[in-house]
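K.L.:
What follows is a single structure, and I will ask about it in a moment.
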Amino acid sequence: MKLAVLLFPGLLWGQWPTYNGDYTGRRFSDLDQINQSNIDLLKVEWIYRIQGIGAQRGVGAPTIKSTPLMVDGVLYFTIPDHVFAVNAHSGEQIWQYDYEDHGGHLVGQRGVGLYGNWLYFLTPDGWFISLNAKDGKERWRQKVADEKLQYFTTMAPLVVKNHVLVGVSGDAMDVRGYLEARDPETGNLQWKWWSEPERPGDAGAETWPNQAAMDHGGGMTWLTGTYDPELNLLYWGTGNANPVFAGQSRKGANLYTASIVALNADTGKLVWYFQASPHDTHDWDNVETPVLFDAVIDGNPRKLLAQGARAGWFFLLDRTNGTNLVSKPFSGTGNWAEGVDAKGQPIPDPEKEPKVDGSMIDMPAMGATNWPPPSYDPQTELFYLNGTEGYGMAYLYDTSPHPEGYGGGSGGIFDSRSALFAIDVRTGAIRWKHEHISGPGESGGMSGGVLTTAGHLLFTGDTGKLVAFDPASGKILWHQSMLSSVSNGPSTWMLDGKQYLTIGAGDTLYAFTLARLH
Amino acid sequence: MLWLFALAQALGQEPGSRRDVREFLGLGPAPDAAAAKKGDPLYGQNCSACHGVNARGAQGPSLVRSAVVLHDENDAEIGRVIRDGRPQGGMPAFPNLSKDDIHNLAQYLKLQIELAANRGTYNKTYGDLRNKVTGDAKKGEAFFAANCTQCHSATGDLAKIGAKFRQAAQLQSRFLWPAEKGPAQATVTTASGEMIRGTVRKMDDFEVSLTDSTGAYRWWPRDRVRVDTEDKLAGHRALLPKYSNADIHNLTAYLVTLR
Chain A
209 MKLAVLLFPG LLWGQWPTYN GDYTGRRFSD LDQINQSNID LLKVEWIYRI
259 QGIGAQRGVG APTIKSTPLM VDGVLYFTIP DHVFAVNAHS GEQIWQYDYE
309 DHGGHLVGQR GVGLYGNWLY FLTPDGWFIS LNAKDGKERW RQKVADEKLQ
359 YFTTMAPLVV KNHVLVGVSG DAMDVRGYLE ARDPETGNLQ WKWWSEPERP
409 GDAGAETWPN QAAMDHGGGM TWLTGTYDPE LNLLYWGTGN ANPVFAGQSR
459 KGANLYTASI VALNADTGKL VWYFQASPHD THDWDNVETP VLFDAVIDGN
509 PRKLLAQGAR AGWFFLLDRT NGTNLVSKPF SGTGNWAEGV DAKGQPIPDP
559 EKEPKVDGSM IDMPAMGATN WPPPSYDPQT ELFYLNGTEG YGMAYLYDTS
609 PHPEGYGGGS GGIFDSRSAL FAIDVRTGAI RWKHEHISGP GESGGMSGGV
659 LTTAGHLLFT GDTGKLVAFD PASGKILWHQ SMLSSVSNGP STWMLDGKQY
709 LTIGAGDTLY AFTLARLH
Chain B
14 MLWLFALAQA LGQEPGSRRD VREFLGLGPA PDAAAAKKGD PLYGQNCSAC
64 HGVNARGAQG PSLVRSAVVL HDENDAEIGR VIRDGRPQGG MPAFPNLSKD
114 DIHNLAQYLK LQIELAANRG TYNKTYGDLR NKVTGDAKKG EAFFAANCTQ
164 CHSATGDLAK IGAKFRQAAQ LQSRFLWPAE KGPAQATVTT ASGEMIRGTV
214 RKMDDFEVSL TDSTGAYRWW PRDRVRVDTE DKLAGHRALL PKYSNADIHN
264 LTAYLVTLR
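Line by line, the protein sequences give chains A and B.
Remember, this note's numbering sits 208 above the position in the first sequence when you count from 1.
Remember, this note's numbering sits 13 above the position in the second sequence when you count from 1.
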């Protein structure tokens, strides 16, 4: 049964077998037991709190950023170095797997992949580990990334057919990104796609000045992508180019960094690409989920892909071939770009690149959005994401012809406003926007990812609260105080006739159900 | 992936210290600065012709991103390559370098790695650069006169402002968005028309609480009252969409002269 779930994740209703729940990345659930008419009856069913782990190196208290998988009544979720299996009915821990890292970054851990009885987990120091889902015992481990080169791994592996897709993070030390397919039984490498052309003369190499610049690379594949089984295409976002802020040694568009790439799932060969931030000099990882859905555009049914990019733009593409249908800024005016090219890709304005004495754009320094999952609701045909508006500066530090490392930095998040955006996919226009309210000087904002459901509900976090919105209007329908702000993507599943809603907030996982069903 | 430190800056904190960032990045032990200093001339004499300035590579490979250097913990691997050379790769042997020389060279290389990869070092390394001013103070003064003097005065509240910041970049961030952390004043108007002014304790979509002028704690559901907060930053907010980079740099160049 578990294998069937993974081969056809959309068919077996009510479980949550992958990071995004299914291959589309929509984070829309068909479940409607919890709906607008009974949302007032939503209550905490159980609470699971991570205990005995303490502060994690360099990041502090444990924080659940993973989306738990729920298969056959068991939840599987993670924080860096640890995997937990919990009874989905009760919140009772079944087992815990503890790993001792030898380096790497503990900035986040997004969860596990599942294939049959086997779980797949990535460690801060680049180990790819298979566990037995029954008892959490380690089956084998394979090294997939060198933490001494400042690679680290945080993503939830994605299982597609007999491939486990594994991506990497890391931009402190100017290395190339890659995505690997590995054998679910042995962990052995099946194929490897590099984020940059390997040699001068290869396709895309014309967007780099030389081999050394390509080797500095970037384009980390650090968030779980999506998959279309009919087209057999994987859709993956790639991170910023390196050196992060110093672009003088890598003049050109720097393919395939800061892009969405479509790869053949069996060979890893590039089929098409769309570059969201050509020649990126602002640390705009373009890893935000490429969300797949079908809709009628100008009277024609289309297979589509939408992304709300960290660069502050909303993109709608035809996912069969990458043809651009919409490119529109959602945060600010997109004034880092002079417009879009013939492919719909923003054209970066050289005047807005980092400067020694600073260069300002109408987007906050850390970008307009980040990894927290967005959602597409087919009932409203709106795309939802938590984002930020404001102004930011980018500085160039390393002015040498051969910069290394970040080579600069961002400074200032001016007049910053956090909001939940509801975007019309056909035009990119903002249909409604919920701006987080706070007292001047108070910290906080929209938090975590977005989930929509057939119950005409949208769930996300707003500072220390979990909030249900009407996805059509943005009206707040329900809220619940939490001990910490929502820190993961909300998820929902059905167990023994009851719909559950699961939320990670700090070191605690909450499950909600209706107080009564009739 | 800078978000952690961007966030720290947004919250008004200094970027992480060198040690904190090294721990976060998992960079291992700090390089020995004294040994690295001794290694500097040795690198210049023996290595830089092939491995380039700051070990970033020339016709020889970069040693800043070298797996041999990065994995070396006790000079063993680095020492072996230096003493034996890599004849197949065209690197000569350096049999005359002593054990101390090799240690000092290894620490020099580790320092080059530290300076590139540990962004917690940037503020120190590039401190002078961040104090660099390229704008035109005269034009900045004109911009100030046209846009800022409704609220500010170069001889009043901003007298000597140029002396208050260690780096021009810090002064620049400050005038662009001088947000203060901490409590703000607000006026709550209830349904009955009562107006209560006080210091905000908490405010979100659902509730507002404040300490009123008598020192009492007051609380309301957000949807039952009107809340007006004073916006001290209105002038700064209005300028943000208007600035060109040149306006910003000119204004900085002017303000640093107020000493």
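Think of the CB as a built atom: it goes at the ideal place given N, C-alpha and C, for glycine as much as any other residue.
#1: Residues in the stretch 55-71 of chain B with C-beta within 8 Å of chain A's C-beta atoms, listed in sequence order?
#2: Let me confirm a value: B/Asn-109 is counted as buried when at least 16 other C-beta atoms fall within 10 Å, else exposed. Which label applies?
#3: Please tell me whether A/Arg-257 and B/Glu-36 are closer than 7 Å, where the distance is taken between their beta carbons.
#4: My guess is that B/Ile-115 and B/Ile-95 are in contact by the Cβ rule of under 8 Å, so how many angstroms apart are they, rounded?
#5: For A/Glu-643, does the three-state DSSP call read helix, strand or coil?
#6: Ordered along the chain, which non-local residues of its own chain (more than five positions away) have a Cβ less than 8 Å from that of B/Pro-74?
#7: Grab me the residues of B/Tyr-267's own chain with a C-beta within less than 7 Å of its C-beta, minus the 5 sequence neighbours each way, in chain order.
#8: Could you check whether the stretch 696-706 of chain A touches the stretch 292-299 of chain A, counting it as contact only if at least three pairs of C-beta atoms, one from each stretch, sit closer than 8 Å?
#9: What residue does the beta strand (DSSP E) around A/Arg-634 start on, and which one ends it?
#10: What are the boundary residues of the alpha helix (DSSP H) that includes A/His-371?
#11: Any contact of the stretch 574-592 of chain A with the stretch 480-496 of chain A, i.e. 3+ C-beta pairs under 8 Å?
#12: Under a CB-based cut-off of 7 Å, is A/Asp-240 close to chain B?
#13: If you draw a straight line from the C-alpha of B/Gly-211 to the C-alpha of B/Thr-203, how long is it?
#14: Distance, Cα to Cα, A/Val-376 vs A/Gln-350?
#15: Is there at least one Cβ from chain A nearer than 7 Å to B/Trp-16's Cβ?
#16: Using the three-state DSSP reduction, which class does B/Phe-219 fall into: helix, strand or coil?
#17: Quick one: is B/Val-77 near chain A, going by C-beta distance under 7 Å?
#18: Under a CB-based cut-off of 7 Å, is B/Ala-49 close to chain A?
#19: Tell me whether the beta-carbon of A/Pro-417 lies closer than 7 Å to the beta-carbon of A/Lys-459.
#20: Select from A/Asn-543, A/Thr-528, A/Ala-514 the residue whose C-alpha is nearest the C-alpha of A/Asp-534.
#21: Would you tell me roughly how many angstroms separate the C-alpha atoms of B/Arg-277 and A/Lys-673, rounded to the nearest one?
#22: Going along chain B, which residues have a C-beta under 7 Å from A/Gln-358?
#23: Counting only beta-carbon atoms, is A/Ala-421 nearer than 7 Å to chain B?
#24: Please check the pair A/Gly-595 and A/Phe-629, which I expect to be a contact at CB under 8 Å, by giving their CB distance rounded to whole angstroms.
#25: Per DSSP, B/Trp-232 is paired with what?
#26: Once the 5 residues before and after B/Tyr-230 are set aside, which same chain residues still bring their CB inside 7 Å of it?
#27: Alpha carbons only, please: which of B/Ser-166, B/Gln-183, B/Ala-62 is nearest the one belonging to B/Met-104?
#28: What three-state label does DSSP hand B/Asn-67 in the structure shown?
#29: Pair every Cβ in the stretch 441-448 of chain A with every Cβ in the stretch 358-365 of chain A, then say whether three or more of these pairs are closer than 8 Å.
#30: If you reduce the DSSP assignment to three classes, tell me which class B/Gln-125 lands in.
#31: Going along chain A, which residues have a C-beta under 7 Å from B/Leu-189?
#32: To which residues of the same chain is A/Glu-308 closer than 6 Å at the C-beta, ignoring the five residues directly before and after it?
#33: Shorter than 7 Å from the beta carbon of A/Tyr-605 to some beta carbon of chain B?
#34: Curious, which full-length beta strand (DSSP E) runs of at least 3 residues does the stretch 28-102 of chain B contain?
#35: Could you please give the first and the last residue of the uninterrupted alpha helix (DSSP H) stretch that includes A/Ile-555?
#36: From A/Gly-433, A/Val-372, A/Leu-249, A/Ser-646, pick the residue whose C-alpha is nearest to that of A/Asp-391; which is it?
P.N.:
In terms of the structure at hand:
#1: Gly-65, Val-66, Asn-67, Arg-69, Gly-70
#2: exposed
#3: no
#4: 6 Å
#5: strand
#6: His-64
#7: Ala-150, Gly-153, Glu-154, Phe-157
#8: yes
#9: No beta strand (DSSP E) contains A/Arg-634, which DSSP labels as neither H nor E.
#10: From DSSP, A/His-371 is part of no alpha helix (DSSP H) but of the beta strand (DSSP E) over 371-375.
#11: yes
#12: no
#13: 14 Å
#14: 14 Å
#15: Residue confidence is low: B/Trp-16 scores 42 on pLDDT, short of 50, so the model does not pin down where it sits. No coordinate-derived value is stated.
#16: coil
#17: yes
#18: no
#19: yes
#20: A small fix is needed here, since residue 534 of chain A is Val in this sequence, not Asp. Answer by Cα proximity: A/Ala-514.
#21: Outside the shown range of chain B, which is 14 to 272, sits residue 277 of chain B, and nothing can be said about it.
#22: Leu-38, Ala-130
#23: no
#24: 5 Å
#25: B/Ser-222
#26: Ser-222, Thr-224
#27: B/Ala-62
#28: helix
#29: no
#30: helix
#31: Gly-620, Phe-622
#32: none
#33: yes
#34: none
#35: Note, A/Ile-555: premise wrong, no alpha helix (DSSP H); beta strand (DSSP E) at 554-556.
#36: A/Val-372
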